[in-house]
Amino acid sequence: MSWGAFRKARGFMPLYFAYGANMDVAAMTTRCPKSRPLGLARLAGRRFIVMEAGYASVVRDTRTFVHGLLWDLALSDTPALDRYEEVSHGLYRKAVLPVSRRPAGFVQALIYIGSSAREGAPKSGYLENVIASARALGLVDALAAPELLLDAARELVRHPRPRPLRQRLGAWATNLWPVRQVLAAVLVRKTAAKVRKEHYPAPFALIETWRRGGSLPQRLRHEARAVAKLATTATARNLIRVFFLQERLKGLAGGAEHGIGHVHVVGAGVMGGDIAAWCALRGFEVTLQDREMKYVQPALDRARALFEKKLKTPERINPALARLKADVEGKGVAGADLLIEAIYENAQAKQDLYRAAEPRLPESALLATNTSSIALVELREAVQHPARFLGLHYFNPVALMPLVEIVRQDRLDPASEKRALAFCKAIDKLPVPVAGTPGFLVNRTLMPYMLEAARAYAEGIPAPVIDKAARKFGMPMGPIELADTVGLDVAASVGAELGPFLGLDIPPAIAELAGSGKRGKKDGQGFYRWQDGKPQKPPVDPHYIAPDDLEDRIMLPLVNEAVACLHERVVDDADLLDAGLIFGTGFAPFRGGPIQYIRDTGAAALVTRLEALARRYGERFRPRPGWDSPALQRPG
Numbered sequence: 006m007s008w009g010a011f012r013k014a015r016g017f018m019p020l021y022f023a024y025g026a027n028m029d030v031a032a033m034t035t036r037c038p039k040s041r042p043l044g045l046a047r048l049a050g051r052r053f054i055v056m057e058a059g060y061a062s063v064v065r066d067t068r069t070f071v072h073g074l075l076w077d078l079a080l081s082d083t084p085a086l087d088r089y090e091e092v093s094h095g096l097y098r099k100a101v102l103p104v105s106r107r108p109a110g111f112v113q114a115l116i117y118i119g120s121s122a123r124e125g126a127p128k129s130g131y132l133e134n135v136i137a138s139a140r141a142l143g144l145v146d147a148l149a150a151p152e153l154l155l156d157a158a159r160e161l162v163r164h165p166r167p168r169p170l171r172q173r174l175g176a177w178a179t180n181l182w183p184v185r186q187v188l189a190a191v192l193v194r195k196t197a198a199k200v201r202k203e204h205y206p207a208p209f210a211l212i213e214t215w216r217r218g219g220s221l222p223q224r225l226r227h228e229a230r231a232v233a234k235l236a237t238t239a240t241a242r243n244l245i246r247v248f249f250l251q252e253r254l255k256g257l258a259g260g261a262e263h264g265i266g267h268v269h270v271v272g273a274g275v276m277g278g279d280i281a282a283w284c285a286l287r288g289f290e291v292t293l294q295d296r297e298m299k300y301v302q303p304a305l306d307r308a309r310a311l312f313e314k315k316l317k318t319p320e321r322i323n324p325a326l327a328r329l330k331a332d333v334e335g336k337g338v339a340g341a342d343l344l345i346e347a348i349y350e351n352a353q354a355k356q357d358l359y360r361a362a363e364p365r366l367p368e369s370a371l372l373a374t375n376t377s378s379i380a381l382v383e384l385r386e387a388v389q390h391p392a393r394f395l396g397l398h399y400f401n402p403v404a405l406m407p408l409v410e411i412v413r414q415d416r417l418d419p420a421s422e423k424r425a426l427a428f429c430k431a432i433d434k435l436p437v438p439v440a441g442t443p444g445f446l447v448n449r450t451l452m453p454y455m456l457e458a459a460r461a462y463a464e465g466i467p468a469p470v471i472d473k474a475a476r477k478f479g480m481p482m483g484p485i486e487l488a489d490t491v492g493l494d495v496a497a498s499v500g501a502e503l504g505p506f507l508g509l510d511i512p513p514a515i516a517e518l519a520g521s522g523k524r525g526k527k528d529g530q531g532f533y534r535w536q537d538g539k540p541q542k543p544p545v546d547p548h549y550i551a552p553d554d555l556e557d558r559i560m561l562p563l564v565n566e567a568v569a570c571l572h573e574r575v576v577d578d579a580d581l582l583d584a585g586l587i588f589g590t591g592f593a594p595f596r597g598g599p600i601q602y603i604r605d606t607g608a609a610a611l612v613t614r615l616e617a618l619a620r621r622y623g624e625r626f627r628p629r630p631g632w633d634s635p636a637l638q639r640p641g
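The numbering of the sequence shown is the numbering used here, which starts it at 6 and goes up by one.
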């Protein structure tokens, strides 16, 4: 009789491995009362060895050294276990593995290996993704838990894994001097297509160091000189600053708990649907509401595409899909810990929604709006409990833009703000608290930038020339392309809302295009014609000469409005303003943000340039209040 048949005769399962299961001892004991824990085990190669160690993540590649929990599972308990997602989405019943002997006796069954039973453990599948990426780059051969590093090292010594012949030949060939000269030129061209050398010199210095070659001591000297030179540049200083700004945003929640398990999103358009999908991707139960299912279904389809792109395998995709549910009737409101309103930009419609939904929310639930421009004090008039009402302003596309504005109003409870900050951290977004004034921070500073670009376009300056000027400054995308990407209908709507507040008119170029149904990227026609998601930019007359002040004309309105935001305390300090505009608008990171740009350039010099623009183009360029702030001066 085989060992498997013998075990079945005794009423126990054969030896199975449940990859990626996340259950604890108490849950297993409750669900499977006739089964018994056997202790902890280590997976080494394809052998499981009983040991006394903690939990660790497990990956499919069984050459990896991991450890987990062993259970002797009774056949009578398997129907109960099959119903639980934690096990059914693993390799339970799919992967049969041998188990080793040890003096304590033969390990009878492996059913479960826990990945997050201990505090701080990575999420299921985390190490699998790390290993796959690192191996693809040739950086590592295997991954081991710290306590198993010696075992892993011994295994590699006993069974070395030489790189594939093709990889070894490629490494040898690309290090020949003539080949390096050719490849270096190719690498420079490809790098220059993505970043400008004067903005980001490091990749170009790396290529040059590799191109020169030489003996190992010579290469090390070249590298040391290049690093020493790069480390003293403004780019290095500002990028280091950006790193610390990002860390500050991550830490704003402190140790607060968000207390949110269920998110209800009202509005299944592009923003609402994508917010719902992102929350489900990050592990939250989500209900998505709109007037009819025909409005919800496209959002569910986009969510599936997002999950397939991010999660890769059915074992991880299916649970995410199950967490996101259509809810046309709005039944999820009653059980929501957070309701996010993401309907169209109309104050009355939003207020009507709050009056209908808020009485059905649990007492502790947060009510949030994704409005991009309407002042929260206006929306608050329809809210019964303003202490729990705030803005959660995401940016499009939600899956790519890291920033979320936490929009305050003066009756918001600080505890509610902390919960929102913690929630943003839980969904891997960077939060920046802002005042609830029109446009908040990001849209308020972007609007003068985009409107001035539209005016320049209306005056006959070609759109590609305008965008090129912005990219030369360091913006990732020019303002004309940005307007098309955001949507000209959205730009016109937000502009109409913010225009009176900022004292700006909507240029006819935007209003006419939006009025004729040309909305930009979303339907293929705008300032540019769009094909396969990319703008088809028309050629520019090679003899055309752009105005010499075009870069200032496009960029300084943004910087000017940033100064006004700091002066009016739209954000708490200059660092948060820079962080918000770097991560929310893509403002040139190598410049460190608009306030850091002012410090590096000199406030007086920029005021002079603004006044020159005001004399030439009008009062909209007049320096805004706040240019005399000490925060604009370089420390020391």
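Backbone N, C-alpha and C define an ideal beta-carbon position, used for all residues, glycine too.
Since the structure is predicted, the reported quantities are computational estimates derived from the model, not experimental observations.
* With DSSP run on the structure shown, which of helix, strand or coil describes Val64? -> For the purposes of this step, residue 64 is taken as residue 59 along the sequence shown, with counting starting at 1. Residue placement at Val64 cannot be trusted, given a pLDDT of 35 that sits under 50; the coordinates are not used to answer.
* Beta-carbon separation of Leu581 and Arg253 under 9 angstroms? -> Here residue 581 is taken as the residue at index 576 of the sequence shown, counted from 1. Here residue 253 is taken as the residue at index 248 of the sequence shown, counted from 1. Inclusion of Leu581 and Arg253 in the CB contact set at 9 angstroms is warranted, their separation being smaller than that value.
* Where does Gly266 sit, in a helix, a strand or coil, going by DSSP? -> Start at 1 with the first residue of the sequence shown, and residue 266 comes out as number 261. In this structure, Gly266 counts as coil in the three-state DSSP scheme.
* Counting only runs that start and end within the stretch 418-479, where is the alpha helix (DSSP H) found for 4 or more residues in a row? -> With a minimum length of 4 residues, the continuous alpha helix (DSSP H) runs that stay inside the stretch 418-479 are 419-431, 447-463, 468-478.
* **Backbone CA spacing between Cys570 and Ala619 [nearest angstrom]** => Counting from 1 along the sequence shown, the entry for residue 570 is found at position 565. Counting from 1 along the sequence shown, the entry for residue 619 is found at position 614. Their backbone Cα atoms lie some 20 angstroms apart in a straight line.
* To do: Would you list the residues sitting across from Pro540 in a DSSP beta bridge?
  => Here residue 540 refers to the residue found at position 535 when the sequence shown is read from its first residue. Pro540 is bridged to Trp535.
* In the structure shown, what three-state DSSP assignment does Gln638 receive? -> Counting from one through the sequence shown, the residue named residue 638 turns up at place 633. Coil at Gln638, not helix or strand.
* Asked: Is it a yes or a no for the stretch 439-450 touching the stretch 518-532, going by three-plus beta-carbon pairs under 8 angstroms?
  -> Proximity of the stretch 439-450 to the stretch 518-532 falls short of the contact definition, fewer than three beta-carbon pairs being nearer than 8 angstroms.
* To do: Using three-state DSSP, classify Glu410 as helix, strand or coil.
  => Residue numbering aside, residue 410 sits at position 405 when the sequence shown is read from its first letter. It is a strand residue.
* Asked: Smallest Cα separation from Leu451: which of Ala352, Val491, Gln223?
  -> In the sequence shown, the residue the question calls residue 451 occupies position 446. Looking at the Cα atoms, Val491 is the closest of the given residues.
* **Check whether Ala468 and Glu486 have beta carbons under 9 angstroms apart** => Position 463 of the sequence shown holds residue 468. Position 481 of the sequence shown holds residue 486. It is a contact, given that the beta carbons lie within the stated cut-off.
* Considering only the beta carbon of each residue, do Ala281 and Leu293 sit closer than 9 angstroms? -> One-based indexing of the sequence shown puts residue 281 at position 276. One-based indexing of the sequence shown puts residue 293 at position 288. Contact: yes.
* Going by CA-CA distance only, name the one from Pro599, Asp418, Ile345, Tyr359 that's closest to Val447. => By 1-based counting over the sequence shown, the position of residue 447 is 442. Pro599 is the residue among Pro599, Asp418, Ile345, Tyr359 whose C-alpha sits nearest the C-alpha of Val447.
* Residues that Leu294 bridges to, as DSSP identifies them -> By 1-based counting over the sequence shown, the position of residue 294 is 289. Before going on, a small fix: residue 294 reads as Gln here, not Leu. In DSSP, Gln294 forms a bridge with Val271.
* Asked: Looking at the structure shown, is Gln530 part of a helix, part of a strand, or coil, going by DSSP?
  -> Residue numbering aside, residue 530 sits at position 525 when the sequence shown is read from its first letter. Looking at Gln530 - three-state DSSP - the assignment turns out to be strand.
* Please look up how many angstroms separate the CB atoms of Ala516 and Ala497, rounded, as I've assumed it's under 8 angstroms. => Here residue 516 is taken as the residue at index 511 of the sequence shown, counted from 1. Here residue 497 is taken as the residue at index 492 of the sequence shown, counted from 1. Yes, Ala516 and Ala497 are in contact; Cβ-Cβ is about 6 angstroms, under 8 angstroms.
* Three-state class that DSSP yields for Leu358 in the structure shown -> Start at 1 with the first residue of the sequence shown, and residue 358 comes out as number 353. Reduced to three states, the DSSP call for Leu358 is helix.
* Asked: What residue does the beta strand (DSSP E) around Leu395 start on, and which one ends it?
  -> Within the sequence shown, the letter at position 390 stands for residue 395. Counted as a single uninterrupted DSSP element, the beta strand (DSSP E) harbouring Leu395 occupies residues 394-398.
* To do: State buried or exposed for Pro167, treating a residue as buried only when at least 16 other CB atoms are found within 10 Å of its CB.
  => Within the sequence shown, the letter at position 162 stands for residue 167. The residue is exposed, with fewer than 16 neighbouring Cβ atoms inside 10 Å.
* **Residues near His269 in its chain [Cβ-Cβ closer than 6 angstroms; skip 5 each side]** => Against the sequence shown, residue 269 aligns to sequence position 264. Answer for His269: Thr292, Gly337, Val338, Ala341, Leu344, listed in chain order.
* **Boundaries of the beta strand (DSSP E) in which Leu509 is found, first to last residue** => Residue mapping note: residue 509 aligns to position 504 of the sequence shown, counting from 1. Leu509 -> no beta strand (DSSP E), and no H or E assigned at all.
* Asked: Taking the C-alpha atoms as reference points, what is the distance between Pro367 and Val388?
  -> Here residue 367 refers to the residue found at position 362 when the sequence shown is read from its first residue. Here residue 388 refers to the residue found at position 383 when the sequence shown is read from its first residue. Those two C-alpha atoms are separated by around 14 angstroms.
* Ignore the nearest five residues each way along the sequence and tell me which others in Pro402's own chain have a CB closer than 7 angstroms to its CB. => Stepping through the sequence shown from its first residue, residue 402 is reached at position 397. Once the five neighbours on either side are set aside, the close Cβ partners of Pro402 are Asp279.
* **Burial state of Trp177 (16 or more Cβ within 10 Å)** => Stepping through the sequence shown from its first residue, residue 177 is reached at position 172. Result: exposed.
* Asked: CB Asp494 to CB Met482, shorter than 9 angstroms?
  -> The residue given as residue 494 occupies position 489 in the sequence shown. The residue given as residue 482 occupies position 477 in the sequence shown. In this structure, Met482 does not lie closer than 9 angstroms to Asp494 by Cβ.
* Contact under 9 angstroms by Cβ, Asn425 with His263 -> Here the question's residue 425 lines up with position 420 in the sequence shown. Here the question's residue 263 lines up with position 258 in the sequence shown. For clarity, residue 425 is Ala in the given sequence; the question names Asn instead. Their beta carbons are under 9 angstroms apart, which means Ala425 touches His263 by this criterion.
* Taking the CB atoms as reference points, tell me whether Ser378 and Leu395 lie closer together than 9 angstroms. => If you number the sequence shown from 1, residue 378 lands on position 373. If you number the sequence shown from 1, residue 395 lands on position 390. Taking 9 angstroms as the cut-off, the beta carbon of Ser378 is found no closer than this to the beta carbon of Leu395.
* To do: Mark Val439 as exposed unless 16 or more other C-beta atoms lie within 10 angstroms of its C-beta, in which case mark it buried.
  => Along the sequence shown, read from residue 1 onward, the residue named residue 439 stands at position 434. It is buried - the Cβ of Val439 has at least 16 other Cβ atoms within 10 Å.
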